[in-house]
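Asks:
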Amino acid sequence: MCLAVPGRVTEIEDRDGTRMATVDFGGVVKEVCLEYLPDLQVGEYAIVHVGFALQKLDEESARQTLELFENLGMLQEEFGDPWELAAEASGPQWADNEEVPQEAQQ
Amino acid sequence: MKYLDEFQDPDLARRLLDDIHSVVTRPWALMEVCGGQTHTIIRHGIDQLLPDQVELIHGPGCPVCVTPLEVIDKALEIASRPGVIFCSFGDMLRVPGTGRDLFQVRGEGGDVRVVYSPLDALHIAQQNPDREVVFFGIGFETTAPPNAMTVYQARKLGIRNFSLLVSHVRVPPAIEAIMQSPNCRVQGFLAAGHVCSVMGIGEYPELADRYRVPIVVTGFEPLDILEGVRRTVLQLERGEHTVDNAYPRAVRPEGNPAAQAMLADVFEGTDRAWRGIGVIPDSGWRLSSRYRDFDAEHRFSVAGIDTREPAECRSGEVLQGLLKPNECAAFGTTCTPRNPLGATMVSSEGACAAYYLYRRLDITTAPLEASPVA
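In order, the protein sequence lines correspond to chains A and B.
Counting in numbering that gives the first Met the number 0, the first sequence runs from 0 upward without gaps.
Counting in numbering that gives the first Met the number 0, the second sequence runs from 0 upward without gaps.
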């Protein structure tokens, strides 16, 4: 949760007066708030934490980090299904829990 | 040297290691503050690659781990109430409260939802005006600005059915508490890079000076850790104690001023209890009086919940660097990720989880209890 993942801005729009972006994290796409980096432009990279861009990053650093995260399985940890992870950790008595809610599947 | 082959740039890793080996003349104990750094260190065996004189001590920088039991119990109480949608980051699901966790609350019928961003929780509140939506706002300086912005947005948009259960903590007071401990062995700090991306490095020179301890801002990739260790050891060998930024690609000295301004608007400083450690003065944030309407603790009257932590869990000592996870008698026996005594065993950034996950992989070559520790 505390780690931030680098991503590339692909689109920017204003939503309810808030600057929001579509950001690509090595194939996983998320909505990200740009209020803390208002100068960020389409095509640029930033480190993103829990849906907020926090600091600009150069492209090479971003790509290297993303590659490393993917190899380490950290992208799966960040963007994967947390209910499945929790069920696995809990053991078989919880593994057959009811269906995963939509929010967790996004 | 099997681990070295797994580095992104094995040649650079080798050069950094050679450099560290060549300058060390005596024993040094360094603390990596960030839980993400701990996992990198254990996963890549960095502690085993370093010279014997350089010991890495794991710090309290896992936000899930340091969230006090009573806050978890407040979350469980609120999440169990009818009409509540309780939203959390995924890594809080299995953190044990008294007798159960959020995962079990959901199994008992509670509407617990996992969100990627606190703004997702606000969106759920907009879509469900007849329900109370509560977001579990824990974390360090990296996570606090997103949560602050979400409360700011809730007020701006007039969303009344949203609130925050807040338990934010700050790194510098934790460093100070560690240095003031009579048992402290830490001689240098690898500061948490992403915390500094937000806060900058302005809070550290005074600490470095007062405690005569080098503080090197460090990233969490394997090469970042080696570079952080190299710079810290160099300072120690030279008798220096300055603040050094070894992670400039993500950390500017001033941090992120917009995020800091929002923190100052939405939150105010407060004493905070750290799980297993106790209260550290002025070590956290709570909602400022202007945003008190969005405080779930008051809205659901759970402020009175006061839970005593179980004595058998020694995670407090682990979080302060006084005990290595596998030195705990419960490690891997009565405490496992499936049946954890404390959060350090279930959090993705917890030191006990890192030891369990990666040392367990070594079982084929060495029994767990015989695993070497730096």
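We put the beta carbon where it would ideally sit given N, CA and C, even for glycine.
Using the rule of at least 16 other Cβ atoms within 10 Å of the residue's Cβ for burial, across every protein chain shown, is Thr142 (chain B) buried or exposed?
Replies: Flag for Thr142 (chain B) reads buried.
Asks: Any beta carbon of chain A sitting closer than 8 Å to that of Thr24 (chain B)?
Replies: It does not; no Cβ of chain A falls within 8 Å.
Asks: Using the Cα positions of His167 (chain B) and Ser282 (chain B), report the straight-line distance between them to the nearest angstrom.
Replies: The alpha-carbon atoms of His167 (chain B) and Ser282 (chain B) are separated by roughly 9 Å.
Asks: For Thr364 (chain B), does the three-state DSSP call read helix, strand or coil?
Replies: Only weak support is given to the placement of Thr364 (chain B): the predicted model assigns it a pLDDT of 36, under 50, and the value that follows is read from those uncertain coordinates. Coil.
Asks: Residues of chain B with CB under 8 Å from Ala88 (chain A), in chain order?
Replies: Near Ala88 (chain A) (Cβ distances below 8 Å), the residues of chain B are Arg93, Pro336, Arg337 and Val345.
Asks: Are there 16 or more other CB atoms within 10 angstroms of the CB of Gly98 (chain B), so buried, or fewer, so exposed?
Replies: By the 10 Å Cβ count, Gly98 (chain B) comes out exposed.
Asks: Determine, using beta carbons only, whether Asp361 (chain B) comes closer than 8 Å to chain A.
Replies: Caution is warranted here: a pLDDT of 45 is assigned to Asp361 (chain B), below 50, making its placement in the model unreliable, and no coordinate value can be reported.
Asks: Hey, is the region 173-188 of chain B in contact with the region 28-42 of chain A, meaning 3+ C-beta pairs nearer than 8 Å?
Replies: Contact fails: fewer than three Cβ-Cβ distances are below 8 Å.
Asks: Return the residue from the list B:Cys33, B:Leu101 and B:Pro117 that minimises the CA-CA distance to Asp110 (chain B).
Replies: Of B:Cys33, B:Leu101 and B:Pro117, the residue nearest in Cα terms is B:Leu101.
Asks: Would you list, in sequence order, the uninterrupted alpha helix (DSSP H) runs of no fewer than 4 residues that lie entirely inside the region 278-358 of chain B?
Replies: Within the region 278-358 of chain B, the complete alpha helix (DSSP H) runs of at least 4 residues are 295-298, 314-318 and 350-353.
Asks: Just to confirm the assignment, what range does the alpha helix (DSSP H) spanning Glu76 (chain B) have?
Replies: First-last of the alpha helix (DSSP H) with Glu76 (chain B): Leu68 to Ala78.
Asks: List, in chain order, every chain A residue whose beta-carbon is nearer than 7 Å to that of Gly331 (chain B).
Replies: Within 7 Å Cβ-Cβ: nothing; Gly331 (chain B) doesn't reach chain A, min ~15 Å.
Asks: Consider the Cβ of Glu76 (chain A): report whether some Cβ of chain B lies at a distance smaller than 8 Å.
Replies: Glu76 (chain A) counts as touching chain B.
Asks: DSSP on Cys244 (chain B), reduced to helix/strand/coil?
Replies: Position check: residue 244 (chain B) holds Asn in this sequence, whereas Cys was assumed. Strand at Asn244 (chain B).
Asks: Under DSSP, the alpha helix (DSSP H) around Glu131 (chain B) begins and ends at which residues?
Replies: Glu131 (chain B) -> not in any alpha helix (DSSP H); beta strand (DSSP E) instead, spanning Glu131 to Gly138.
Asks: Run through DSSP, which three-state label would Phe78 (chain A) get?
Replies: DSSP places Phe78 (chain A) in helix when its eight states are reduced to three.
Asks: Run through chain A and tell me which residues come within less than 9 Å of Asn244 (chain B), C-beta to C-beta.
Replies: Here the premise fails: no neighbours, minimum Cβ distance about 13 Å.
Asks: Nearest-angstrom Cα distance between Asp51 (chain B) and Pro26 (chain B)?
Replies: Answer to the nearest angstrom: the Cα atoms are 8 Å apart.
Asks: When we look at the beta-carbon of Ser346 (chain B) and count the other beta-carbons within 10 Å, is it buried (16 or more) or exposed?
Replies: Label assigned to Ser346 (chain B): buried.
Asks: If you measure from the CB of Phe135 (chain B), is any heavy atom of the ligand ZN nearer than 7 Å?
Replies: In the structure on display, the ligand ZN does not appear, and there are no ligands present to speak of.
Asks: Taking only beta-carbon positions, decide if Pro50 (chain B) is within less than 8 Å of chain A.
Replies: No, Pro50 (chain B) lies away from the interface with chain A (no Cβ there is under 8 Å from its Cβ).
Asks: Examine chain B for any beta-carbon lying closer than 8 Å to the beta-carbon of Ile11 (chain A), and answer yes or no.
Replies: Ile11 (chain A) does not count as touching chain B.
Asks: Under three-state DSSP, which class holds Gly268 (chain B)?
Replies: Strand, per DSSP.
Asks: Whose CA, out of B:Pro339, B:Glu76 and B:Gln152, lies closest to the CA of Arg18 (chain A)?
Replies: Measuring from the Cα of Arg18 (chain A), the nearest candidate turns out to be B:Gln152.
Asks: Who are the near neighbours of Gly201 (chain B) in its chain, counting only those whose CB is closer than 7 Å to its CB and skipping five residues on each side?
Replies: None.
Asks: Between B:Ala353, B:Arg313 and B:Pro309, which lies nearest to Gly96 (chain B) when the distance is taken from Cα to Cα?
Replies: The shortest C-alpha separation from Gly96 (chain B) is found at B:Pro309.
Asks: Helix, strand or coil, according to DSSP, for Gly58 (chain B) in the structure here?
Replies: Strand at Gly58 (chain B).
Asks: Tyr115 (chain B) versus chain A: which residues are under 8 Å apart at the beta carbon?
Replies: Neighbours of Tyr115 (chain B) on chain A, chain order: Lys29, Val49, Gly50, Phe78 and Gln105.
Asks: Does His43 (chain B) pass the burial test, meaning 16 or more other C-beta atoms within 10 Å, or should it be called exposed?
Replies: That one is buried.
Asks: Let me know if Lys155 (chain B) comes out buried or exposed under the rule of 16 or more other beta-carbons within 10 Å of its beta-carbon.
Replies: It counts as exposed.
Asks: Residues in its own chain within less than 6 Å of Asp10 (chain B) by CB, not counting five upstream and five downstream?
Replies: Around Asp10 (chain B): no qualifying Cβ.
Asks: Kindly indicate which residue of B:Tyr203, B:Ala258 and B:Thr269 has the alpha-carbon position closest to the one of Asp243 (chain B).
Replies: It is B:Tyr203.
Asks: Could you round the C-beta distance between Leu49 (chain B) and Val228 (chain B) to whole angstroms and report it? I think they count as a contact, below 8 Å.
Replies: Yes, they are in contact, since the Cβ atoms of Leu49 (chain B) and Val228 (chain B) sit about 7 Å apart, within 8 Å.
Asks: Would you list the one or two residues that DSSP bridges to Asp23 (chain A)?
Replies: In DSSP, Asp23 (chain A) forms a bridge with A:Arg7 and A:Val28.
Asks: Shortest alpha-carbon distance to Asn182 (chain B) belongs to which of B:Leu322, B:Ala124, B:Arg159 and B:Val301?
Replies: Answer by Cα proximity: B:Leu322.
Asks: Excluding the 5 residues preceding and the 5 following Ala124 (chain B) in the sequence, name in chain order all residues of the same chain whose CB lies nearer than 7 Å to its CB.
Replies: Only Val132, Ile158, Asn160 and Phe161 meet the Cβ criterion.
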